[in-house]
Structures are given as C-alpha cells and as structure tokens.
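Numbering (UniProt numbering), first residue to last: 1 to 103.
A short write-up of the structure that comes next.
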C-alpha cells in the first residue's frame with residue numbers, strides 16, 4: 001500500500017498508513033481538487049501541526065495522527081502504579097481491544 005502512495009495521492013502524499021486511511025476517506029467524501037487544496041498536509045502527530053513535530057525528536061519518528069506515538073508516554077505513567085496492580089501490559093491489551101471494537 002505505502003509503496004504506491006505517491007501514485008495514488010501525488011499531492012500531499014500520506015506518510016503513514018493511518019494518514020493513508022484518513023486520506024482515502026477524505027477523497028471519497030470530497031473528490032474535488034479544491035477540497036484537497038484547503039487541507040494542510042505534512043508531518044503531524046496527534047492532529048498537531050508540523051511545528052509541533054519539531055518540539056520533540058521522538059515525535060518525528062512516529063507520525064500517527066491519532067497520537068499513537070504518545071502511547072509510550074502513557075504506559076510510562078503507569079509504571080509507578082505497578083504496586084497497585086496496574087500494569088502496562090493490561091493497558092496495551094485494553095488499547096488493542098478498544099481498537100478492535102472501533103474497527
């Protein structure tokens with residue numbers, strides 16, 4: 001899929017599979033080039049602008065619009081709670097279960 005992205009979407013080519021998916025939905029709903037022209041493209045994380053990607057080098061390696069790049073941050077927050085029984089593995093399973101339910 002990503003190997004032919006530049007042929008499918010030559011303008012504002014999606015950089016990640018998630019962006020490709022959103023772009024495909026957008027193109028179905030708004031097929032005219034005028035609609036495409038008003039939406040900024042480029043690198044983004046968690047729906048932020050390209051400028052936000054520059055703030056943290058780690059974000060530039062994880063360009064997922066939904067903010068999946070920040071998952072490690074959330075898991076790290078639970079490390080302190082291990083004594084209380086909250087483990088990152090449980091959180092990951094919950095995230096995966098939620099994603100399956102959405103799809």
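Idealized CB from N, CA, C, for every residue including glycine.
On a predicted model such as this, the values are computed, not experimentally measured, just so you know.
Going by beta-carbon coordinates alone, are residue 31 and residue 23 separated by less than 8 Å?
Position 31 of the chain shown, counted from the first residue, corresponds to residue 31. Position 23 of the chain shown, counted from the first residue, corresponds to residue 23. Cβ distance not < 8 Å, so residue 31 and residue 23 don't count as in contact.
Which of the three DSSP states, helix, strand or coil, is assigned to residue 30?
Within the chain shown, residue 30 is the residue found at index 30, counting from 1. Residue 30: coil per DSSP, three-state reduction.
When 92, 8, 40, 99 are compared against residue 28, the one with the closest alpha-carbon:
Counting from 1 along the chain shown, the entry for residue 28 is found at position 28. Looking at the Cα atoms, 8 is the closest of the given residues.
Measuring straight from C-alpha to C-alpha, what distance separates residue 12 and residue 94?
Within the chain shown, numbered from 1, the residue matching residue 12 stands at position 12. Within the chain shown, numbered from 1, the residue matching residue 94 stands at position 94. Residue 12 and residue 94 have their C-alpha atoms some 33 Å from each other.
Would you call the CB atoms of residue 21 and residue 5 closer than 8 Å?
Position 21 of the chain shown holds residue 21. Position 5 of the chain shown holds residue 5. In this structure, residue 5 does not lie closer than 8 Å to residue 21 by Cβ.
Per DSSP, what kind of secondary structure is residue 101 in: helix, strand or coil?
Taking the first residue of the chain shown as 1, we reach residue 101 at position 101. It is helical.
Under three-state DSSP, which class holds residue 16?
Residue 16 sits at position 16 when you count from the first residue of the chain shown. DSSP places residue 16 in coil when its eight states are reduced to three.
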